[in-house]
Amino acid sequence: MNRMRPKRGYRGGNLFVAGLGILGALILTALLAPIVAPCDPTIQNLAQGLSGPSLEHPLGQDKMGRDILSRLIYGSRVSILVGLSTVAVSLFIGTLVGVISGYLGGMVDEALTRIMDVVLAFPGILLALTFMAILGPSLSNVVIALCVVGWVNYARLTRGQVLSLRERDFVTAARALGCGNLHIITHHLIPNLMAPLLVEATFGIGSAIVGEAGLSFLGLGVQPPTPSWGSMLNEGRSFLLIAPHLTAFPGLAIMAVVLGVNFFGDGLRDLLDTRLKSAIQADSRLLEKKQSGKDLAC
């Protein structure tokens, strides 16, 4: 009797769909915040402060009596804005530095690599805190501080890929045809860098969201009355024993979004990596043949 077994090839697709669903729900909720939020996130009701979940307030109220669900929904706007802005700026800077470093080589590569090493020598959160202390707390400064830390990962990835790609036959052929460096970079190197950079960017969104939450938790991020998941955690930590819902729901929101981003990144990596897809398909065919042989033997 033939037994149907799930194929490993479906793993990447499942992760991609799961991550895409979580991210899609987050983006849709953020865009429709004025419609889906049950209350104004800034309206206070001190008489009902620290109240637990109820029909009127499904996730309860904070110490000021503000609706936690509404603040979570509006806080998702901050997370998405910081995540996308940080990744966009970091990706541009990192790709530019990485391409220049890897393609030109020599002293230029040595100097840029040493700069990357210096940035990586500092813990990311401490470097971000330093810049926030200098620039002051605001949403734009959060993005700047996270970009100062985040561009290095894209630069190192780009440099490593360019060092490999510049020795390929198609680059050699382009040089032989008289193509200039700019043409080779824009028409031959950049297109081949898009897949790994796109995957790295998806993981970068999760890191940026966690970074913003950490800075806001310390009071250096988005300032009140603008709701932020990190500031909500900070406000609820003093009431952890008597009103745990103040920290539980923002923490679960951060966990769910980062998990969705990681699922999306893992699935996207599997879908874009043609070599991995070929190996998975070959492995699946081999397993099917082995199973068919066992069934025939039976």
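Residue numbers (numbering that gives the first Met the number 0): 0 to 297.
Glycine included, each C-beta is placed from N, C-alpha and C at the ideal position.
All values derive from a computational prediction rather than experimental measurement.
Next on the checklist: Taking a contact to mean a Cβ-Cβ separation below 7 Å, would you say G311 touches W150 in this structure?
Outcome noted: A query on residue 311 cannot be resolved here, the shown segment of the chain reaching from 0 to 297 and no further.
Item to check | Member of T28, G59, M115, L267 whose CA lies at the smallest distance from the CA of V147 | outcome: M115
Item to check | At least 3 beta-carbon pairs within less than 8 Å: the stretch 249–260 vs the stretch 12–28 | outcome: yes
Checklist entry - What's the C-alpha gap between V299 and A17? => result One cannot answer for residue 299 here, as it falls past the ends of the chain, which runs 0 to 297.
Checklist entry - So who's on the other strand from Q60, going by DSSP bridges? => result D66
Checklist entry - Where does T44 fall in DSSP's three states? => result Sequence inspection shows Asn at residue 44; the Thr mentioned does not correspond to that position. It is coil, neither helix nor strand.
Checklist entry - Would you say G177 touches the ligand SAM, meaning its beta carbon is less than 6 Å from a heavy atom? => result Ligands are entirely absent from the displayed structure, and the ligand SAM is therefore not among its contents.
Item to check | Cutoff 7 Å; reference V198; Cβ partners in own chain excluding five residues on either side | outcome: G264, L267, R268, L271
Checklist entry - How is the alpha helix (DSSP H) around P249 delimited, first residue to last? => result 244–271
Checklist entry - Can you name the start and end residues of the alpha helix (DSSP H) that E234 belongs to? => result 228–235
Next on the checklist: S84 and V142 - do their beta-carbons sit closer together than 7 Å?
Outcome noted: In contact: V142 and S84 (Cβ atoms closer than 7 Å).
Checklist entry - Of the choices M63, L31, P40, whose alpha-carbon is the least far from that of A46? => result M63
Checklist entry - Can you tell me the Cα-Cα spacing of V161 and I133, whole angstroms? => result 35 Å
Next on the checklist: Using a Cβ-Cβ cutoff of less than 8 Å, which residues in the same chain neighbour T14 once the five nearest sequence positions on both sides are dropped?
Outcome noted: First, the amino acid is wrong: residue 14 is Leu here, not Thr. Here L14 has F262, F263, D265, G266, D269 as same chain residues with Cβ atoms under 8 Å from its own Cβ, once five neighbours each way along the sequence are excluded.
Next on the checklist: What does the alpha-carbon distance come out to for the pair L145 and S78?
Outcome noted: 13 Å
Next on the checklist: Comparing C-alpha positions only, which one of S53, G229, T112 sits nearest to L138?
Outcome noted: G229
Checklist entry - So what's I143 in DSSP terms, helix, strand or just coil? => result helix
Item to check | Where the alpha helix (DSSP H) through L197 begins and ends | outcome: First-last of the alpha helix (DSSP H) with L197: 189–216.
Checklist entry - Of the residues C178, V86, R70, N140, which one's Cα is nearest the Cα of C38? => result The option with the nearest alpha carbon to C38 is R70.
Next on the checklist: If I follow the unbroken alpha helix (DSSP H) through G169, where does it start and stop?
Outcome noted: Sequence inspection shows Phe at residue 169; the Gly mentioned does not correspond to that position. 168–175 is the extent of the alpha helix (DSSP H) around F169.
Checklist entry - Is it right to say G177 is buried, meaning 16 or more other beta carbons lie within 10 angstroms of its own, or is it exposed? => result exposed
Checklist entry - How far does the alpha helix (DSSP H) with I133 in it reach, from first residue to last? => result 123–134
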